[in-house]
Structure formats: structure tokens, C-alpha cells
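Each residue of the sequence shown is one higher than the last, beginning at 1 in UniProt numbering.
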Amino acid sequence: MAFSHSSMVTVDTETVFHGQKAYASFIGKDEAGNKLAVLVDQADNTVYAYSLEDGISQKKATAIVKEESQDAIDRVTFGRFKGKPIWEVKAGSSYYVVDFKTGKVTGVF
Numbered sequence: 001m002a003f004s005h006s007s008m009v010t011v012d013t014e015t016v017f018h019g020q021k022a023y024a025s026f027i028g029k030d031e032a033g034n035k036l037a038v039l040v041d042q043a044d045n046t047v048y049a050y051s052l053e054d055g056i057s058q059k060k061a062t063a064i065v066k067e068e069s070q071d072a073i074d075r076v077t078f079g080r081f082k083g084k085p086i087w088e089v090k091a092g093s094s095y096y097v098v099d100f101k102t103g104k105v106t107g108v109f
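What follows is the structure in C-alpha cells.
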């Protein structure tokens, strides 16, 4: 699904994001080598594709959460929350929602 509805040709990582909705989350590259994130809504197979050049990096999202939390970072997942692309950073027992475009923490759960 991620390949047939986006320009992604290689997948580097594949995870599942569980937020308000569940998405298959793919990080990979297009034919030109540009990094992409592709989300596939597991309920209706809607595909959302984002150029990773258009927002903050996974590394930056991790650094932002490290400034707010003393806990070790367990994982970072690309997802979608309230209709916007986000990085979900799990630190300890908390999940930080970091806006992909602005880098602001928009929620902690």
C-alpha cells in the first residue's frame, strides 16, 4: 500500500503508530533518494505521504523531548494526531507528541 500510493521505493523502518487512529508508519526513500514518511490508516487504507525535508527530524524530536524529560527515550514513531503529522516520542511511561512542522510539544500522555 505504501508503495502503490506514494513515491516511496525503499523502506528503512516500519512500525505501527497507535494514537487516535492506528497507522502503519513507514520511513524510507523515493527514487531520487529523498527521505519520506508514509502513513497508512489501518481502518480505511488512506495513505498520507510527507517529505521529511518539510519538518523536524527524528533526531531533533528526540532532542526536544530530552530537554523536557529525565527519562530515557524508548522509541520515536512517525504518526498523525489531530490531522497533523507528528513524532511520538516515548520516554519512560510518557508519550510526547511533537509537531512535525513546528517542533513544539503539543501533548504528553
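Each residue gets a CB set at the ideal place from its N, CA and C atoms; glycine is no exception.
Boundaries (first-last residue) of the alpha helix (DSSP H) holding residue i
i, result
"residue 90", "Run containing residue 90: none in the alpha helix (DSSP H); it sits in the beta strand (DSSP E), 84-91."
"residue 62", "58-68"
Residue i at chain D interface by Cβ criterion, 8 Å
i, result
"residue 41", "No chain D appears in the structure shown, which is made up of a single protein chain."
Residue span of the beta strand (DSSP E) that contains residue i, given as start and end
i, result
"residue 31", "From DSSP, residue 31 is part of no beta strand (DSSP E); its letter is neither H nor E."
"residue 78", "73-81"
"residue 14", "8-18"
"residue 102", "Run containing residue 102: none; DSSP gives neither H nor E here."
"residue 49", "47-51"
Beta-carbon separation (whole angstroms), residue i vs residue j, contact threshold 8 Å
i, j, result
"residue 55", "residue 85", "7 Å"
"residue 91", "residue 64", "With a Cβ gap of about 11 Å, residue 91 and residue 64 do not count as contacting."
"residue 36", "residue 51", "6 Å"
Cβ-based neighbour list, residue i, same chain, cut-off 8 Å, excluding 5 preceding and 5 following
i, result
"residue 21", "41, 42, 43 and 80"
"residue 10", "28 and 29"
Contact check, residue i vs residue j, beta carbons under 8 Å
i, j, result
"residue 61", "residue 87", "yes"
Own chain, CB closer than 6 Å to residue i, minus 5 neighbours either side, in chain order
i, result
"residue 7", "30"
Close-in-space but distant-in-sequence residues of the same chain around residue i (CB under 7 Å, 5 per side omitted)
i, result
"residue 75", "90"
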